[in-house]
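Residue 351 in full-length UniProt numbering is what sits at position 351 of the sequence shown, and the numbering runs on without skipping anything. Positions of the beta carbon are idealized from the N, C-alpha and C atoms, including for glycine. Working notes, structure below.
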Amino acid sequence: MFLPCSVTSVVPVWIMMAQLQQGGPDEKEKTTALKDLLSRIDLDELMKKDEPPLEFPDTLEGFEYIFNEKGQLRHIKTGEPFVFNYREDLHRWNQKRYEALGEIITKYVYELLQTECHLKKVTLPVDATESEPKSFIFMSEDALTNPDKLLVLIHGNGVVRAGQWARRLIINEDLDSGTQIPYIKKAIEEGYGVIVLNPNENYIEVEKTKAQVQLSSDSSDEPAEKRERKDKIQKETKKRRDFYEKYRNPQKEKETMQMYIRDNGSPEEHAIYVWDHFISQSAAENVFFVAHSYGGLAFVELMIQREAEVKNKVTAVALTDSVHNVWHQEVGKSIREWMRENCCNWVSSSEPLDTSVESMLPDCPRVSAGAVVPPSAPSLAHSPLWFPALERCTGSNITALWV
Numbered sequence: 001m002f003l004p005c006s007v008t009s010v011v012p013v014w015i016m017m018a019q020l021q022q023g024g025p026d027e028k029e030k031t032t033a034l035k036d037l038l039s040r041i042d043l044d045e046l047m048k049k050d051e052p053p054l055e056f057p058d059t060l061e062g063f064e065y066i067f068n069e070k071g072q073l074r075h076i077k078t079g080e081p082f083v084f085n086y087r088e089d090l091h092r093w094n095q096k097r098y099e100a101l102g103e104i105i106t107k108y109v110y111e112l113l114q115t116e117c118h119l120k121k122v123t124l125p126v127d128a129t130e131s132e133p134k135s136f137i138f139m140s141e142d143a144l145t146n147p148d149k150l151l152v153l154i155h156g157n158g159v160v161r162a163g164q165w166a167r168r169l170i171i172n173e174d175l176d177s178g179t180q181i182p183y184i185k186k187a188i189e190e191g192y193g194v195i196v197l198n199p200n201e202n203y204i205e206v207e208k209t210k211a212q213v214q215l216s217s218d219s220s221d222e223p224a225e226k227r228e229r230k231d232k233i234q235k236e237t238k239k240r241r242d243f244y245e246k247y248r249n250p251q252k253e254k255e256t257m258q259m260y261i262r263d264n265g266s267p268e269e270h271a272i273y274v275w276d277h278f279i280s281q282s283a284a285e286n287v288f289f290v291a292h293s294y295g296g297l298a299f300v301e302l303m304i305q306r307e308a309e310v311k312n313k314v315t316a317v318a319l320t321d322s323v324h325n326v327w328h329q330e331v332g333k334s335i336r337e338w339m340r341e342n343c344c345n346w347v348s349s350s351e352p353l354d355t356s357v358e359s360m361l362p363d364c365p366r367v368s369a370g371a372v373v374p375p376s377a378p379s380l381a382h383s384p385l386w387f388p389a390l391e392r393c394t395g396s397n398i399t400a401l402w403v
C-alpha cells in the first residue's frame, strides 16, 4: 500500500519505539517520550501535507468536461464519464474538486433556464438594496399574468439550487434526470406559467477579516473562568502545533462568515416570501406545485402559515419523497384533510409505478415512484402522465388528479 511521504517520515519513529519497548528502564523512558511525540502528531494534518493545491478551474472546459448532445457529462478527450477518485488516497482533495465542479454545473443550469427554457431571473428580496445579500428565482414571462394555470417547482435541501433535482444525477446520469428542465419545457408546452424556487440560496459567504477571526475566538461574553480555561487549552494546542510544525505544512482553508438573505434565510422562509410576493399575486385560477424531499416540508409549512390563501389558490400538489411530517410540524386537522384530497406523495419503492404505499401518517396518499434511490423520484414519478392528470383535476377527488 502506498503511503504519502509525510506519513512514511513517521514510520521510523514507530519502529524505534517498538525496539525500545524490549529494553530496560532507560529505554522505557525513551519509549514514553516517543509516545508523547506521536500523541502530538495529527495524522490528518500530516496527510494534508501532500495534497495538491485546493485550486480548481472555474469552467467546464477547464475541467476538460462537456455535456454531450444527450446531456451527459463526458471528458473532452476520452469521452469517459466523470471520475471522482481523480487522485488516489486524496479523498479531501477529490471532494473539493467535486464541489468545485458542482458550482460550475449550478451556473450552467442557471444559463439553461434562461437560454433553453426562456425563464427570467428575478432578484430577491424585491426591494433589495445594492449592498445587501441577494437571492433569486426564475419564472416564465407569463408566470404572473397567465389566467389559467401556474406550475411551481421546489427542489430538496443540500447543494442543489434552482433548476436542479439532484447534482449526483446530473454528473453521473444526465441533465434530464437531474434537472427540472424537462418539467419546465413540458409545462410551457402545455400552456402553464412557471415559477422555479431557489430555497437553498439562503446566504452568501464572505471571507473573514483578521479582526473578525480574532473577535470570534475571543468570546468576550463568556465567564472569566471559562475564558481562562479556553485560553489555557489554546496555548497548549499552539505549543503542540509548534512542536511538530517541522513535520507538516498543511493547506489552510479560508475562514468565512455567512451573511443571510433578508426574509429568505431558510427554505421555509423562502417559500413563504415567494408566495407572498409572486404566487399569491398571480392571475392563475389554478396553481400546481411539484415539491421534492425537503421542498415538501417547505410547502407544508407554507400551508400552515397561509392556510386560507393556499386552499383558495392551489389546486393540486405532487410531492416526491417528501420529508414533511404532519406531527412534527403540528399540522392541523383541516390542513390534513385538504392534503388527503389535493396532494399525492410519490415515494421511493421497489413496487411498480403508482402502486399504493402504506403510510403511518394521516395526510396525503403515498404511491410508488418506481425508483429505489430517492434522488431519482422526481424524474421517474409519473413524468409522462401528470400534466394530463392535472388538466383533468377536479380539486375534490384525488383519483381524478393522478390517474
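With a threshold of 6 angstroms on Cβ separation, who are the neighbours of residue i within its own chain once the five nearest residues in sequence on each side are excluded?
i, result
"His382", "For His382, the predicted structure reports a pLDDT of 40, less than 50, and the residue's modelled location is therefore unreliable. A value from the coordinates is still provided. So the list is empty, once near-sequence residues are dropped."
"Asn286", "Lys149, Thr315"
Are the Cβ atoms of residue i and residue j separated by less than 8 angstroms?
i, j, result
"Pro267", "Asn157", "yes"
"Leu302", "Ala271", "yes"
"His75", "Tyr65", "yes"
"Glu207", "Lys254", "yes"
"Arg167", "Gly178", "yes"
"Asn146", "Phe82", "no"
"Phe67", "Arg97", "no"
"residue 407", "Val317", "In the structure as shown, the chain begins at 1 and stops at 403. Residue 407 is therefore absent and cannot be evaluated."
"Val126", "His328", "no"
"Arg340", "Asp363", "yes"
"Glu51", "Arg92", "yes"
"Ser349", "Ala369", "yes"
"Glu307", "Ile335", "yes"
Rounded to a whole number of angstroms, what is the C-alpha to C-alpha distance between residue i and residue j?
i, j, result
"Leu124", "Phe136", "5 angstroms"
"Asn200", "Val159", "7 angstroms"
"Thr59", "Pro223", "49 angstroms"
"Leu151", "Val194", "5 angstroms"
"Ser356", "Pro365", "8 angstroms"
"Ile184", "Met139", "10 angstroms"
"Ala298", "Ser322", "10 angstroms"
"Gln95", "Gln281", "42 angstroms"
"Gly295", "Leu197", "10 angstroms"
"Leu54", "Thr256", "16 angstroms"
"Leu144", "Gln305", "22 angstroms"
"Glu99", "Glu132", "26 angstroms"
"His324", "Ser293", "8 angstroms"
"Ile170", "Gln72", "8 angstroms"
Please state the DSSP three-state secondary structure of residue i.
i, result
"Thr102", "Going by the sequence as given, residue 102 is Gly instead of Thr. Looking at Gly102 - three-state DSSP - the assignment turns out to be helix."
"Tyr86", "coil"
"Val300", "helix"
"Tyr108", "helix"
"Gln329", "coil"
"Ser350", "coil"
"Glu204", "Going by the sequence as given, residue 204 is Ile instead of Glu. Strand."
"Thr320", "strand"
"Asn146", "coil"
"Leu151", "strand"
"Arg248", "For Arg248, the pLDDT reaches just 41, beneath the cut-off of 50, and the residue's location in the model is therefore unreliable, although a value from the coordinates is still provided. Of the three classes helix, strand and coil, the one that applies to Arg248 here is coil, per DSSP."
"Leu119", "coil"
Given the structure, does residue i come close to the ligand FMN, in the sense that its CB is under 7 angstroms from one of the ligand's heavy atoms?
i, result
"Trp346", "Here there are no bound small molecules, and the ligand FMN is not part of this structure."
What does a CB cutoff of less than 7 angstroms around residue i pick up in its chain, not counting 5 residues either side in sequence?
i, result
"Gln258", "Tyr203, Glu205"
"Lys121", "Gln114, Phe136, Phe138"
Hey, quick one: how far does the alpha helix (DSSP H) through residue i stretch, first residue to last?
i, result
"Lys134", "Premise fails: Lys134 is in no alpha helix (DSSP H) and is neither H nor E."
"Tyr183", "181-189"
"Ala308", "307-313"
"Ile279", "Here Ile279 belongs to no alpha helix (DSSP H), and DSSP marks it neither H nor E."
"Ile170", "167-172"
Tell me which residues share the same chain as residue i and place their Cβ nearer than 8 angstroms to its Cβ, disregarding the 5 neighbours each side in the sequence.
i, result
"Leu112", "Gly163, Leu175, Thr179, Ile181"
Specify, as a first and last residue, the run of the beta strand (DSSP E) that residue i falls within.
i, result
"Arg366", "366-368"
"Arg74", "73-75"
"Ile195", "193-196"
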